[in-house]
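See structure below.
Number of protein chains: 2
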Amino acid sequence: MKNRRITLKDLAKDLNLSASTISRALDNHPAISDATKKKVQRKAEELGFIPNSIASSFRTKKTKSIGIIVPRIDIHFHSLVISGIEDFAYKNGYNVTIFQSKDSLKREKEIAKILQNRMVDGIIICLSIETEKCDHFKKFDKLGVPMVFYDRVPTDFDANKIVINDFESAFTATEHLIKKGCKRIGHIAGSQKTDIFKARLEGFKAALQKYKLPIHQDLILQTKHLGYEEGVICAKKYLEFSELPDGIFCANDYTAVSVIQVFRKHGVKIPQDVAIVGFSNYPISKIIEPNLTTINDCAFQMGESSAKLLIRHIEDKDEFINSESITLRTNLIIRESTQLSNA
Amino acid sequence: MKNRRITLKDLAKDLNLSASTISRALDNHPAISDATKKKVQRKAEELGFIPNSIASSFRTKKTKSIGIIVPRIDIHFHSLVISGIEDFAYKNGYNVTIFQSKDSLKREKEIAKILQNRMVDGIIICLSIETEKCDHFKKFDKLGVPMVFYDRVPTDFDANKIVINDFESAFTATEHLIKKGCKRIGHIAGSQKTDIFKARLEGFKAALQKYKLPIHQDLILQTKHLGYEEGVICAKKYLEFSELPDGIFCANDYTAVSVIQVFRKHGVKIPQDVAIVGFSNYPISKIIEPNLTTINDCAFQMGESSAKLLIRHIEDKDEFINSESITLRTNLIIRESTQLSNA
DNA sequence: CTGAAAGCGCTTACAG
DNA sequence: CTGAAAGCGCTTACAG
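If you're matching them up, the sequences are chains X and F in order. Just so we're aligned: the first sequence equals residues 1261 to 1603 in our numbering. Just so we're aligned: the second sequence equals residues 1261 to 1603 in our numbering.
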């Protein structure tokens, strides 16, 4: 049942040509005559020849494969990024191999070890939440395997990075609340151990400062993982204040959604009483009522850009470039949670 | 900067042993003395030897790699399945390479072609929505590359399959509505070209028949993709009836969510006036208000089972087994959309 | 324009 | 318990 596979040699014997010529003909090498190329290609088709890519990778030391390490693939942000990576990679003849660190430094190190085995030409990484030092990735620099980091990126060494400007985005989000007339603005913050959430908090504060509004420390609520349940707890805390905030910038959409739901249940009107802005433009932001104003974090584009940058580094190594850092443009999507719809 | 990699030969020279012995020692071959093993392993560690997995794959014809073809990875169901696959694969020393068919038959065929190049030891597939005939996958049988299909599986040939019982699940969901006292029950159906949605409709009808309830053809609304927007349209259609249904079984959660939202906007109380059941247990089902009663479709487990079955077929080929079909147990998760919470 | 030959880095059947 | 040798299926520098 199981057929032996056709190899270059089989084709060569069949056509009375050398394996070299077959190889070149299939590779559309300029030195081969058109007649021969056609003959070879027809025969290859006829016998159902599929080149053994492992043999080819072995010989050329190129696998046309990209490794991706993400915390979890079932987080929508990451699945969108991966989708962007796969899209760009596919168009350029690369395939993508995926690993989940599960936000465990230990597992991230194991994966880094595995990936040193020549399986991939380059690596795209979003660091695990536990990762503070990136020594386990420095090896790849020495091996000449390019890396691109996105979202959670290393701070302890120069690296190729694709990020958004969290500070600016948070500033824009907060400014939007201010322009809508909010004066007493709260923030639900992510872990301050993570740079991106720190930057969002900073951007929030900077906007208040620019517009000479007071920073109410007690309205800045800290969460660990910006989870939906944590958002519920934050919302309840706000409700205990003698005076509610009139605007809240949430560091992600999940917490924004829970605030909306808890507030509405308590008769707080959104956006009339409190305006809410989220961050990420998750699918739920379009479904929750009122629809959520949020920052579009360009996840798909982040994937595309990561793949593009990585493949460029794989294919033409420019000895003079040590690392590149690319910042993507985010945008504020204004919806009902900060603005009455004119429906 | 870029170091030459250490090979078996380097180790051999360093230790005055043959490459054969090094290879066996690292592989923990029983014929090698413990002393030698230790010596070799220490040296390998010292020099930072990483075996070239491409060379090894080339030699053994095993890549320890699984190919996955999904319609899109940014659909939550698929990202959960992939997560389950990656998890099981990782534990068993396999890695996973992902391709998106984008629900295009043409692209699916291209990918099938690519995967014939020896890159993977086996393949897990969810067919594109356009796929009716699976000839492009039959090649893998001949090549001895095992395949496992999940969710959308082939009907035109025997294959390894992991599915849920859509008929039974739909039956259970509908029966639940009936037991809650619903008598005039509607259904929002997916494309009847797709077996799983056909089975859900059949299960729905079977439950009504068993309990001797009328099947109101006009309350069975057909959609193309079970999208959120399509759900909105269906909901509006229901509202135009002189008499509303008192229960609706939706073939997925998106349409269920839109029905809930549209109905509530029109003052229809859920579950008092109309009880709603969805299908899939998407994250939104826990967030929408009221929370959605739905069928847990075991996406993660489906991934695990697919990987498990595939790896079994890769590692011990049993000549007597032609194909296996595994049906996973789903369960109904009862929430507020069919039952008043006792809070 | 085509071919002969070497070699990529492993693994393994065979020999001792 | 260890080694010599062959070979997996390609690619490519060299020769003609």
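By construction, the Cβ of each residue, glycine as well, lies at the ideal position given by its N, Cα and C atoms. Remember, predicted model here, so these are calculated numbers, not experimental data.
{"Item": "Same chain, Cβ closer than 7 Å to H1573/X, five either side skipped, listed in chain order", "Value": "G1382, P1406 and N1420"}
{"Item": "Rounded distance between the beta-carbons of E1346/X and I1333/F, thought under 8 Å", "Value": "7 Å"}
{"Item": "DSSP three-state assignment for M1605/F, whether helix, strand or coil", "Value": "Given that chain F is displayed from residue 1261 to residue 1603, the structure contains no residue 1605/F and the question cannot be resolved."}
{"Item": "Assumed close pair A1559/F, F1539/F - CB separation to whole angstroms, cut-off 8 Å", "Value": "About 12 Å separates the two Cβ atoms, so there is no contact after all."}
{"Item": "Distance CB(D1506/X)-CB(R1460/X) smaller than 7 Å", "Value": "no"}
{"Item": "Complete runs of the beta strand (DSSP E) confined to the stretch 1480-1504 of chain X [at least 3 residues]", "Value": "1480-1482"}
{"Item": "Integer-rounded CB distance, given that H1526/F should sit under 8 Å from L1499/F", "Value": "6 Å"}
{"Item": "Residues that V1537/F bridges to, as DSSP identifies them", "Value": "F1509/F and T1553/F"}
{"Item": "Residue of D1478/F, Y1350/F, H1338/F and E1370/F minimising C-alpha distance to L1375/X", "Value": "Y1350/F"}
{"Item": "C-alpha distance - D1607/X paired with S1585/X, whole-angstrom precision", "Value": "Because residue 1607/X is not part of the residues shown, which for chain X are 1261 to 1603, the question remains open."}
{"Item": "Candidates F1431/X, N1288/X and S1317/X, of which the one nearest N1591/X by Cα", "Value": "F1431/X"}
{"Item": "Selection of the stretch 1345-1361 of chain F by Cβ proximity to chain X, strictly under 8 Å", "Value": "E1346, D1347, Y1350, N1355, V1356, T1357, I1358, F1359 and Q1360"}
{"Item": "A1315/F at chain X interface by Cβ criterion, 7 Å", "Value": "yes"}
{"Item": "Bridge-paired residues (DSSP) for H1447/F", "Value": "I1480/F and F1509/F"}
{"Item": "DSSP-derived helix/strand/coil call for Q1532/F", "Value": "coil"}
{"Item": "beta-carbon R1524/F near the ligand SAM non-hydrogen atom, thresh 6 Å", "Value": "Only the bare structure without any ligand can be found here, which leaves the ligand SAM out of the picture."}
{"Item": "Interface partners of F1318/F on chain X, CB under 7 Å", "Value": "I1314, A1315 and F1318"}
{"Item": "Chain F within 7 Å of R1378/X, Cβ atoms only", "Value": "yes"}
{"Item": "Cβ pair V1330/F, C1394/F closer than 7 Å", "Value": "no"}
{"Item": "Short CB-CB distance (under 7 Å) between L1481/X and chain F", "Value": "no"}
{"Item": "A1315/X vs F1318/F beta-carbon contact at 7 Å", "Value": "yes"}
{"Item": "Strand pairing of K1299/X, partner residues [DSSP]", "Value": "Paired residues: none, contrary to the question."}
{"Item": "Selection from T1483/X, P1543/X, K1546/X and S1502/X that minimises the alpha carbon distance to T1515/X", "Value": "T1483/X"}
{"Item": "Reference A1279/F; option with closest CA among P1543/F, L1268/F and S1583/F", "Value": "L1268/F"}
{"Item": "Interface flag, L1340/X vs chain F, CB-CB below 7 Å", "Value": "yes"}
{"Item": "Sufficient close CB pairs (3 or more, under 8 Å) joining the stretch 1437-1457 of chain X to the stretch 1469-1489 of chain X", "Value": "yes"}
{"Item": "Assigned exposure category for T1320/F - 16 Cβ within 10 Å defines buried", "Value": "exposed"}
{"Item": "Bounding residues of the alpha helix (DSSP H) (the contiguous stretch that carries F1609/F)", "Value": "Since the first residue of chain F shown is 1261 and the last is 1603, residue 1609/F is not available in this structure."}
{"Item": "Strand pairing of T1357/X, partner residues [DSSP]", "Value": "G1327/X and T1357/F"}
{"Item": "DSSP three-state assignment for A1459/X, whether helix, strand or coil", "Value": "helix"}
{"Item": "Chain-order list of residues whose beta-carbon lies under 8 Å from that of D1418/X (same chain, five-residue window excluded)", "Value": "N1582 and S1583"}
{"Item": "Residue nearest to Y1471/F in terms of C-alpha spacing, selected from S1313/F, T1554/F, V1423/F and I1438/F", "Value": "I1438/F"}
{"Item": "Sequence-distant residues of the same chain with beta carbon closer than 7 Å to R1367/F, five excluded per side", "Value": "S1361"}
{"Item": "Reduced DSSP category for L1271/F - H, G, I as helix; E, B as strand; rest coil", "Value": "helix"}
{"Item": "Coil, strand or helix - I1385/F by DSSP", "Value": "strand"}
{"Item": "Minimum C-alpha distance to T1357/F - residue among S1343/F, S1518/F and L1365/F", "Value": "S1343/F"}
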